[in-house]
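If you read the protein sequences in the order shown, they are chains A and B.
The first sequence finishes on residue 262 if you use my numbering, and the numbering steps up by one all the way, no holes.
The second sequence finishes on residue 317 if you use my numbering, and the numbering steps up by one all the way, no holes.
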Amino acid sequence: MSVLLATVRFEFSRIITAGRITWWFVLAVFPILIAGLIRLFPLADAGEQFDSHQVWSVAIYLLVPCITCAMGVLLSAGPVIGTELEQRSWVYIATRPNGIFWLLLGKYLVAVAWSSTAAIAGLTIAVMFTGQDTVVRMWVATAALCVLSSMSYASVFLLVGAIAPRRAMLFCVVWTVGVEGFISFIPAIINRMTIQYRLRALFVDWVQPGDEIQNNPLFAMSLAEGSWYFQILWLFALTSIFMTAAQVIAQKREFTGATESDV
Amino acid sequence: MPLIELEKLTKDYGSFRAIDDLSLQIYDGVTGLLGPNGAGKSTLIKVLLGLVRCTSGTGRVLGHDIVKECGAIRTRVGYMPEDDCYMHGLSGVECVQVAAQLSRFPATEALRRGHEILDFCGIGQERYRNVETYSTGMRQKLRFAMAIVHDPELMILDEPTSGLDPEERESMLNRIQILARQMNKAIIICTHILPDVQLVCDRVVILAAGRVTLSEDLEVVRRSPDPSLTVTVHGDIRLFTESLKKRGARIESVSDYSLLVFGSEEIASAAVWQAATETSTAVRSIVPSRTSLEKVFLKTVQEASHANS
Chain A
0 MSVLLATVRF
10 EFSRIITAGR
20 ITWWFVLAVF
30 PILIAGLIRL
40 FPLADAGEQF
50 DSHQVWSVAI
60 YLLVPCITCA
70 MGVLLSAGPV
80 IGTELEQRSW
90 VYIATRPNGI
100 FWLLLGKYLV
110 AVAWSSTAAI
120 AGLTIAVMFT
130 GQDTVVRMWV
140 ATAALCVLSS
150 MSYASVFLLV
160 GAIAPRRAML
170 FCVVWTVGVE
180 GFISFIPAII
190 NRMTIQYRLR
200 ALFVDWVQPG
210 DEIQNNPLFA
220 MSLAEGSWYF
230 QILWLFALTS
240 IFMTAAQVIA
250 QKREFTGATE
260 SDV
Chain B
9 MPLIELEKLT
19 KDYGSFRAID
29 DLSLQIYDGV
39 TGLLGPNGAG
49 KSTLIKVLLG
59 LVRCTSGTGR
69 VLGHDIVKEC
79 GAIRTRVGYM
89 PEDDCYMHGL
99 SGVECVQVAA
109 QLSRFPATEA
119 LRRGHEILDF
129 CGIGQERYRN
139 VETYSTGMRQ
149 KLRFAMAIVH
159 DPELMILDEP
169 TSGLDPEERE
179 SMLNRIQILA
189 RQMNKAIIIC
199 THILPDVQLV
209 CDRVVILAAG
219 RVTLSEDLEV
229 VRRSPDPSLT
239 VTVHGDIRLF
249 TESLKKRGAR
259 IESVSDYSLL
269 VFGSEEIASA
279 AVWQAATETS
289 TAVRSIVPSR
299 TSLEKVFLKT
309 VQEASHANS
């Protein structure tokens, strides 16, 4: 446990840089900016098709737990191994007993914390633009979704980073668009393995965006069944699987530094 | 019992064979691991630490299997890599502390050890500076500190003196000597700087094309195939030389004051003292001649190269 605390502490001190702090603010500002624009320029006939609660809850869900959280962990969890390899510090970690395990776990927790805090900070201001009666409920539910989303996506990106450390960001984007954006909407068994499938169900259960969305046959087909705790269990299970896979690959793989041309 | 025992070890990178059927035993003391670029030194170190898996063969480090017991090996071995690697964003003391904590030391103990080791390595107040601002020599010392902070029994130092100025180089070699002689640590030095090996090593292992071409005590390696004494005198060297020749000694002039007297140490020195007494010449020094490690290295590597071709 002391090792985990040490890696978390040192990782936090390493991310206190102008660049990383700027990115944190960019992530936090993003949903605020979009929510502000929606508020300033409402769709002319939106009121006729959807009620404002429906529009705002979907918009906030897409902006914060989906985009901001995924972007946050993409920036922080994706390049975990690649950065250490580039900086050639991987060898120090790899030659310590269980160094890889603790480092990945520590960096994962820092990535989740970094991304979640940026998302929740953005959410806190963005929900104020909604002007809904259910602001508190929306904030609490979406904040919880932010933590779950960051936690789950970070594990996926950690795995992608372990598989392809040199092109981690690129493959993470491909994964997000292909698997989470496309496959999660396919009404087949495969979409049950996606994070979006579970997060959507939690969103509908907790935020209650409206009957029209829930009763829409197209949307219903890509919505997970079961209670909220069942969905959370699924998310924890997926996170554990991805994390374990990332750990196994990082332990077994023969990483060599970029400059290690000498045999 | 050998600290490292390797048996028919082979490591292939695709079609390239980096280590070829290598068998080796390394014992206590300081061992110099030498070899030309591409000889397989770095791969051998990585195999010993479990960073890469051998294609075939077996090996044990401090009694632990190199494939199955990597964790146990890493607890007992300290590795100083050649690359300029350090943990970005941390100060010197934090780097050493995190290295100690990753080796399972509690935070306070890790910090205490960090300061102690940095004192030993000659890093003063700079330890509180960010490592990115360190000079090459400082980074070298920091790498050394991180390698030894967990008090390992065996230390593998890859190019420990490269990039250091003469004064720092001497200090680094002194630290290695202290660890080996006073603290009884086993040390493997992987280097191209042969004078360093001559200064601190007890044994040398020379690798070429992934094979061990020489593994021997340094004393034995440097023993000349044609034993001789280097004699420096004060007085008439011509008379002294004549006197030695009369005694049947084989001589080779080195300078106006010194000469090589061939023959076993006992016979040659007896002749020297007799000649000195006869010619009233003052003998300033008698030193058994040694073959330079450089010559041995070049000869061994060339022989291996010929054998391969």
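The C-beta atom is built at its ideal place from N, Cα and C for all residues, glycine as well.
How far does the beta strand (DSSP E) with residue i in it extend, from its first residue to its last?
| i | result |
| --- | --- |
| R121(B) | First-last for R121(B): A115 to F128, but that is the alpha helix (DSSP H), not the beta strand (DSSP E). |
| P296(B) | A290 to P296 |
| A327(B) | Missing from the structure shown is residue 327(B); chain B here goes from 9 to 317 and no further. |
| L11(B) | Note, L11(B): premise wrong, no beta strand (DSSP E); not H, not E. |
| E224(B) | R219 to D225 |
| F270(B) | S266 to F270 |
| I189(A) | Careful: I189(A) lies outside any beta strand (DSSP E) and carries neither H nor E. |
| A80(B) | First-last for A80(B): C78 to R84, but that is the alpha helix (DSSP H), not the beta strand (DSSP E). |
| M163(B) | L162 to D166 |
| Q33(B) | F24 to I34 |
Could you tell me which of the options sits nearest to residue i, measuring between CA atoms?
| i | options | result |
| --- | --- | --- |
| L198(A) | V134(A), V155(A), S148(A) and A161(A) | S148(A) |
| V159(A) | A142(A), V79(A) and A58(A) | V79(A) |
| K251(A) | L14(B), A26(B), G22(B) and V60(B) | V60(B) |
| G243(B) | A283(B), V208(B) and E227(B) | A283(B) |
| E179(A) | Y107(A), C171(A), A167(A) and T193(A) | T193(A) |
| T287(B) | T249(B), S266(B), I259(B) and A47(B) | T249(B) |
| L201(A) | L234(A), V7(A), I20(A) and N214(A) | L234(A) |
| A194(B) | E77(B), Y87(B) and K76(B) | Y87(B) |
| A27(A) | F11(A), M137(A) and C68(A) | C68(A) |
| Q131(A) | A161(A), F11(A), V206(A) and T243(A) | V206(A) |
| N215(A) | Q53(A), A244(A) and T16(A) | Q53(A) |
| F218(A) | T243(A), I231(A), I189(A) and I185(A) | I185(A) |
| D204(A) | I188(A), Y228(A) and M220(A) | Y228(A) |
| L117(B) | C198(B), E77(B) and D159(B) | For clarity, residue 117(B) is Glu in the given sequence; the question names Leu instead. Comparing Cα positions, the closest option is D159(B). |
| W174(A) | A143(A), T243(A), T16(A) and Y152(A) | Y152(A) |
| V38(B) | S31(B), N182(B), G22(B) and S50(B) | N182(B) |
For residue i, which residues in chain A fall below 9 Å Cβ to Cβ?
| i | result |
| --- | --- |
| L57(B) | V90, A93 and T94 |
| Y94(B) | Q86, R87, S88 and Y91 |
| Y87(B) | V90, Y91 and T94 |
For residue i, which residues in chain B fall below 8 Å Cβ to Cβ?
| i | result |
| --- | --- |
| T243(A) | Correct list: empty, because the minimum Cβ distance to chain B is about 18 Å. |
| S75(A) | What S75(A) touches in chain B: nothing, since even the nearest Cβ is about 14 Å away. |
| T16(A) | G97 |
| V2(A) | Q109, L110 and R112 |
| R13(A) | M95, H96, G97 and L98 |
How would you list, in chain order, the residues of chain B whose beta-carbon sits under 9 Å from the beta-carbon of residue i?
| i | result |
| --- | --- |
| V247(A) | Under the 9 Å cutoff, chain B gives no residues; its nearest Cβ is about 14 Å from V247(A). |
| F181(A) | Result: empty, since nearest Cβ-Cβ is about 36 Å, beyond 9 Å. |
Quick one: give me the first and last residue of the alpha helix (DSSP H) that residue i is part of.
| i | result |
| --- | --- |
| E260(B) | First-last for E260(B): R258 to S261, but that is the beta strand (DSSP E), not the alpha helix (DSSP H). |
| V72(A) | C68 to S75 |
| Q109(B) | G100 to L110 |
| Q250(A) | W227 to K251 |
| D204(B) | L202 to V208 |
| V75(B) | Run containing V75(B): none; DSSP gives neither H nor E here. |
| I124(A) | G98 to A125 |
What distance in whole Å lies between the Cβ atoms of residue j and residue i, which are believed to be in contact at a cut-off of 8 Å?
| i | j | result |
| --- | --- | --- |
| G100(B) | R68(B) | Actually they are not in contact, since the Cβ atoms of G100(B) and R68(B) sit about 35 Å apart, beyond 8 Å. |
| Q148(B) | G171(B) | 6 Å |
| P164(A) | G81(A) | 4 Å |
| V157(B) | M95(B) | Between M95(B) and V157(B) the Cβ distance is about 13 Å, and since that is not below 8 Å, they are no contact. |
| L169(A) | F241(A) | At roughly 18 Å, the Cβ-Cβ gap does not stay under 8 Å, so L169(A) and F241(A) are not in contact. |
| L17(B) | V55(B) | 7 Å |
| V304(B) | V228(B) | About 10 Å; that fails the 8 Å criterion. |
| L237(B) | L301(B) | So it is not a contact: roughly 20 Å between Cβ atoms. |
| F100(A) | Q246(A) | 6 Å |
| I14(A) | W113(A) | 7 Å |
| D204(B) | D225(B) | The pair is not a contact, with the Cβ atoms about 17 Å apart (cut-off 8 Å). |
What residues of chain A sit near residue i, judged by a beta carbon separation below 7 Å?
| i | result |
| --- | --- |
| V60(B) | E253 |
| T83(B) | P96 |
| P79(B) | One detail in the question is off: residue 79(B) reads as Gly in this sequence, not Pro. Going along chain A in sequence order, the residues near G79(B) (Cβ under 7 Å) are P96 and N97. |
Along chain B, which residues have their Cβ under 7 Å away from the Cβ of residue i?
| i | result |
| --- | --- |
| A5(A) | V106, Q109 and A115 |
| V184(A) | In the sequence as displayed, the identity of residue 184(A) is Phe instead of Val. Those do not exist, as F184(A) stays about 40 Å from chain B at its closest Cβ, beyond 7 Å. |
| F202(A) | Those within 7 Å of F202(A) in chain B number zero; the least Cβ separation is about 36 Å. |
| F128(A) | Correct list: empty, because the minimum Cβ distance to chain B is about 36 Å. |
| F9(A) | L98, E102 and V106 |
(message) Along the region 92-118 of chain A, where does the CB come closer than 8 Å to a CB of chain B? Name the residues.
(response) I92, A93, T94, R95, P96, N97, G98, W101 and L102
(request) Using a Cβ-Cβ cut-off of less than 7 Å, list which residues of the region 98-123 of chain B approach chain A; keep chain order. (result) From the region 98-123 of chain B, only L98, E102, V106, A107, Q109, L110, S111, R112, P114 and A115 have a Cβ closer than 7 Å to chain A.
(message) Can you pull out the residues from the region 20-39 of chain A whose beta carbon lies closer than 9 Å to at least one beta carbon of chain B?
(response) none
(message) To be precise: take each residue of the region 149-177 of chain B, compare its Cβ to all Cβ atoms of chain A, and keep it if any distance is under 7 Å. Which residues remain?
(response) Residues passing the 7 Å Cβ filter: M154.
(request) With 7 Å as the limit, tell me which residues of the region 131-145 of chain A have their beta carbon closer than that to any beta carbon of chain B; keep them in chain order. (result) none
(message) To be precise: take each residue of the region 219-238 of chain A, compare its Cβ to all Cβ atoms of chain E, and keep it if any distance is under 8 Å. Which residues remain?
(response) Of the protein chains in this structure, namely A and B, none is chain E.
(request) Name, going along the chain, the residues of the region 144-167 of chain A whose beta-carbon falls closer than 8 Å to a beta-carbon of chain B. (result) none
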